[in-house]
Structures are given as C-alpha cells and as structure tokens.
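Chemist: At position 151 of the sequence shown (counting the first as 1) the number is 151 in full-length UniProt numbering, and the numbers step up by one without a gap. Beta carbons are placed, not taken as given, at the ideal position from N, Cα and C, and that holds for glycine.
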Amino acid sequence: MTVKPQPTASAKEGSSKRRQFGFSFDQNLCTGCRTCEMACKDYHHLGAGVAYRTIHEFAGGNWQQNSDGSWQQDVFAFYVSMSCNHCSNPACLRFCPSDSIAKGEDGFVVVNSDTCVGCQSCMMACPYHAPRFDEAIGKTVKCDGCQARIDQGLGPVCVEACPQRALGFDVYARLSDSPAVTEQVGMMPDPEITQPNYAISPSEFACGPLSEGVRLLNCREV
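In structure tokens form, the structure reads like this:
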C-alpha cells in the first residue's frame with residue numbers, strides 16, 4: 001500500500017522538546033557480515049523468524065563477451081543494514097488502530113506490547129518493513145533503538161558489534177549534517193513518505209548510473 005505523509009497531532013506532539021536520535025550507515029565500510037543482525041537477535045532473544053535488523057544485498061551489472069573472445073564486466077554489489085528508522089512521521093504510528101505505537105522524547109518509535117492486538121496494520125503501513133509479527137506472542141515487535149542501553153549511556157548493540165564501524169548512532173541533526181549523506185539508496189522508498197532518521201554514506205554503486213539496474217538478491221530473507 002502507498003502511504004502519503006500526513007502528520008498527525010500524536011506524531012508531532014512535543015516535537016519541539018525532542019532530541020531525535022538516529023542511525024548512520026557507511027556503505028563503503030559494510031562487508032555484509034551480518035554481525036549487527038546476529039548481535040541484535042542475541043541481545044533481544046529473538047526467534048528464528050524475527051529480526052529487528054537485516055542486511056539487504058543489492059547487485060547489478062552485466063558480463064559481455066568481446067569479439068576477440070575475451071570478457072568484460074561491470075558487475076557490482078553493495079549492502080544496506082536496515083532496521084527501524086525511527087521516522088519523524090512514522091506511518092506505523094498513524095495506522096495503528098489500538099494506539100499501541102508511540103514516539104518518545106528521544107525520537108524512538110516503540111510498540112506497547114500490552115495493548116498491541118496483533119492486527120499487523122503497522123507492518124502493512126511501514127515502507128521499510130520494520131515491524132515484524134512474532135507468532136510466539138501474537139504481537140508486532142520492532143527495534144526500539146536499544147532504548148534501555150541508551151538510558152544507561154551505552155550505544156545500540158548493533159552499532160557496538162559492527163567490526164567495520166559501518167553503523168553509527170547519535171542525535172540525528174549531527175549525523176545528517178553533511179551534503180554527502182542520503183536517506184535513499186538502491187530500492188529504498190522515497191524518504192518524504194515517513195522522513196526516516198537514517199543517514200547513509202552511499203557507495204559509488206548505490207547512487208551512480210549503474211544503480212538503475214540494481215536488484216535485491218535476498219528478498220525472501222528480509
């Protein structure tokens with residue numbers, strides 16, 4: 001379904017008091033090792049069918065045989081580490097019929113499992129597929145930015161686990177304060193839909209002319 005940006009009072013309430021946290025991601029450093037994904041699953045004790053953070057594998061390019069029998073290629077690949085972007089205008093919040101999703105003072109978008117009815121409306125609304133349905137409890141679950149760790153002065157477990165330091169976390173105004181970062185690469189949706197707080201330093205393949213032919217390789221996994 002297509003979700004148009006329609007800020008509501010609940011989404012904007014107290015926005016002037018918030019310090020919006022967000023993630024950053026350097027595509028040039030990510031090797032697709034999935035350490036961030038595994039660290040998140042381990043810390044939150046997630047089952048095999050649930051993941052708060054996933055690695056999306058993109059690839060493109062072609063092989064071509066020359067008249068002399070040799071081959072040339074322009075094959076490329078890149079990765080995107082995806083989780084909840086704790087959007088400024090979250091579609092999941094707007095479409096939750098039980099008002100079980102809220103945006104806190106630090107900008108984290110969280111699900112109240114006590115009132116969630118498991119209808120999965122948020123899953124259909126989110127263009128990033130961040131909310132996941134946990135069949136074991138019959139509820140929707142998602143990344144909460146490791147809010148408990150942040151309150152203790154620690155970083156999100158995915159950020160601290162990344163061996164390449166490709167992931168970062170900070171007040172989003174600092175992360176996005178560069179013309180080199182973007183909020184859309186590969187097949188990601190238009191950031192104007194939900195205003196994600198995700199600052200990506202793109203690889204040359206993600207935003208160059210070759211990116212028009214890019215395809216997602218692990219769509220069944222993510």
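May I ask you to report which of helix, strand or coil DSSP gives residue 9?
Modeler: One-based indexing of the sequence shown puts residue 9 at position 9. With a pLDDT of only 35 at residue 9, under the threshold of 50, the placement of this residue in the model should not be trusted; the figure read from the coordinates follows. Three-state DSSP puts residue 9 in a helix.
Chemist: Would you tell me roughly how many angstroms separate the C-alpha atoms of residue 53 and residue 172, rounded to the nearest one?
Modeler: Along the sequence shown, one-based indexing puts residue 53 at 53. Along the sequence shown, one-based indexing puts residue 172 at 172. Put simply, the backbone Cα of residue 53 is about 19 Å away from that of residue 172.
Chemist: Once the 5 residues before and after residue 46 are set aside, which same chain residues still bring their CB inside 6 Å of it?
Modeler: Within the sequence shown, the letter at position 46 stands for residue 46. Around residue 46: no qualifying Cβ.
Chemist: According to DSSP, is residue 60 helix, strand or coil?
Modeler: In the sequence shown, counting from the first residue as 1, residue 60 sits at position 60. Residue 60: strand per DSSP, three-state reduction.
Chemist: For residue 65, I'd like the list of residues in its chain whose CB is within less than 7 Å of its CB, leaving aside the five on either flank, ordered along the chain.
Modeler: Position 65 of the sequence shown, counting from 1, holds the residue named residue 65. Hits under 7 Å: 71.
Chemist: Below 8 Å, how does it come out for the stretch 113-126 and the stretch 22-35: are there three or more Cβ pairs, yes or no?
Modeler: no
Chemist: Classify residue 142 as helix, strand or coil using the three-state DSSP reduction.
Modeler: Taking the sequence shown and counting its residues from 1, one reaches residue 142 at position 142. Here residue 142 sits in coil by DSSP.
Chemist: Indicate the three-state DSSP secondary structure (helix, strand or coil) for residue 55 in the structure shown.
Modeler: Within the sequence shown, residue 55 is the residue found at index 55, counting from 1. Residue 55: strand per DSSP, three-state reduction.
Chemist: Whose CA, out of 112, 196 and 68, lies closest to the CA of residue 96?
Modeler: Here residue 96 refers to the residue found at position 96 of the sequence shown. The shortest C-alpha separation from residue 96 is found at 112.
Chemist: Relative to the alpha-carbon of residue 114, which residue among 194, 44, 98 and 191 has its alpha-carbon at the smallest distance?
Modeler: The residue you call residue 114 lines up with position 114 of the sequence shown. The option with the nearest alpha carbon to residue 114 is 98.
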